[in-house]
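Each remark here refers to the structure printed beneath this line.
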Amino acid sequence: MSISSICLPVQPQLLLVEKRLEDVVKTAPRQMVEPLEHAVQNGGKRIRPALTLLAGKFHRYNLKLLIPMAAGVELLHTATLIHDDTIDDAYLRRGKDSIKQRWGNSNAVLLGDYLFATSAGFVAETRNIRVIKLFAQTLMTICTGEIEESLYAFNNSRELYFQTIGNKTASLFAAAGESGAVLSQAPEEAIQALKDYGYNLGMSFQIVDDIL
Numbered sequence: 002m003s004i005s006s007i008c009l010p011v012q013p014q015l016l017l018v019e020k021r022l023e024d025v026v027k028t029a030p031r032q033m034v035e036p037l038e039h040a041v042q043n044g045g046k047r048i049r050p051a052l053t054l055l056a057g058k059f060h061r062y063n064l065k066l067l068i069p070m071a072a073g074v075e076l077l078h079t080a081t082l083i084h085d086d087t088i089d090d091a092y093l094r095r096g097k098d099s100i101k102q103r104w105g106n107s108n109a110v111l112l113g114d115y116l117f118a119t120s121a122g123f124v125a126e127t128r129n130i131r132v133i134k135l136f137a138q139t140l141m142t143i144c145t146g147e148i149e150e151s152l153y154a155f156n157n158s159r160e161l162y163f164q165t166i167g168n169k170t171a172s173l174f175a176a177a178g179e180s181g182a183v184l185s186q187a188p189e190e191a192i193q194a195l196k197d198y199g200y201n202l203g204m205s206f207q208i209v210d211d212i213l
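Each residue of the sequence shown is one higher than the one before, counting from 2 in this note's numbering.
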C-alpha cells in the first residue's frame, strides 16, 4: 500500500491543511518568506497530518479542530527536520539544499524555532488542553531522541536504536493519531489504539527509511 493510497480518504482535507501552511509563508515577515517557502513547500509526504485527519474520522469529524491540529503536526515535523539537518551538517533535504546549507546554521536554528512557535499556535487554536500538553510532551520526547542519537552514535545497540527512533520519529506519529482521536471525542480505548497505531507506523517508517 502506497502513502498516496493511505492519504486518499482525506485528500480534500489535506488541501485545507496545505492552505494553512501556505498562509504561514504569505503572512510571514518579508525577510522570512523565501526560507519559509523553501522549508514548508518542499514536497513532503504529509503522512503525519493525514494520520491526524484519519484518526479523527472514526468519531466526530470536526475540521475546525482537526485542520489546525494537522497543520501544527506538519510544522512541528518540518521544524525538527531543519534542526536535524543543522545538527547533522546535512547539505540536502528532499533533493534540494537544506535550510542550513542555503541560509547558514544560525538562520536555520532561528527558522526552526519560528516554526516550532507557529506550530504551537496552530495547536492552541483547538483550545484543547489535552492536545496542547501532548504537543509539548512530544516535542520534549523528540529532543530526547535527538540527544540520544548524538550521544550514542558510535556506541549503539539494538535496544538503544529502537528507543532512539521511538523518541525521535515514532512519537510524532503517535501524537498525530492520538490528537486526532482526542479531538474527535473518541473513547479512551480508541484513543489508545490510534496512538499505538501511529507509534508502530512511525517505527516501521523509520526502520524502512534507515534500510533504504
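Backbone N, C-alpha and C define an ideal beta-carbon position, used for all residues, glycine too.
Just the Cα atoms here: how many angstroms apart are residue i and residue j?
i      : j      : result
Tyr62  : Ala154 : 42 angstroms
Gly105 : Leu17  : 32 angstroms
Asn108 : Thr28  : 19 angstroms
Leu111 : Asn43  : 18 angstroms
Ile133 : Lys46  : 24 angstroms
Ala137 : Phe117 : 10 angstroms
Ala182 : Ala56  : 5 angstroms
Leu22  : Ser180 : 19 angstroms
Leu9   : Leu202 : 17 angstroms
Ile68  : Leu15  : 8 angstroms
Glu189 : Leu135 : 15 angstroms
Phe206 : Ile212 : 10 angstroms
Arg31  : Leu66  : 29 angstroms
Asp197 : Thr139 : 14 angstroms
Val209 : Ser3   : 13 angstroms
Ser6   : Thr145 : 32 angstroms
Gly122 : Lys97  : 28 angstroms
Excluding sequence positions up to five away, which residues of its chain have a Cβ less than 7 angstroms from the Cβ of residue i?
i      : result
Ile143 : Thr81, Asn168, Lys169, Ser172, Leu173
Thr119 : Val25, Leu76
Ile100 : Pro36, His39, Ala40, Ile83, Asp86, Ala109, Leu112
Ala91  : Ser99
Ala71  : Val18, Pro50, Thr53, Leu54
Short of 6 angstroms in beta carbon distance, which residues of its chain neighbour residue i, apart from the five on each side in sequence? Order them along the chain.
i      : result
Arg94  : Asp86
Arg131 : Val183
Val74  : Arg49, Pro50, Thr53, Ala177
Met204 : Ala171
Glu149 : Thr165
Ala175 : Lys196, Gly199, Tyr200
For my contact list, residue i and residue j are in at a C-beta cut-off of 8 angstroms; report their separation, rounded to the angstrom.
i     : j      : result
Thr79 : Ala40  : 6 angstroms
Ile88 : Ser151 : 7 angstroms
Report all residues from its chain with a CB closer than 8 angstroms to the CB of residue i; omit the five preceding and five following residues, and keep chain order.
i      : result
His84  : Ala109, Val110, Gly113, Glu147
Phe59  : Ala182, Ser185, Ala187, Ala191, Leu195
Arg103 : Pro36, His39
Asn129 : Leu66, Val183, Leu184
Val11  : Ala51, Leu54, Leu55, Lys58
Residue ranges of each alpha helix (DSSP H) within the stretch 85 to 122, 4 or longer: 100 to 104
Length-filtered (3 minimum) beta strand (DSSP E) runs lying within the stretch 53 to 84: none
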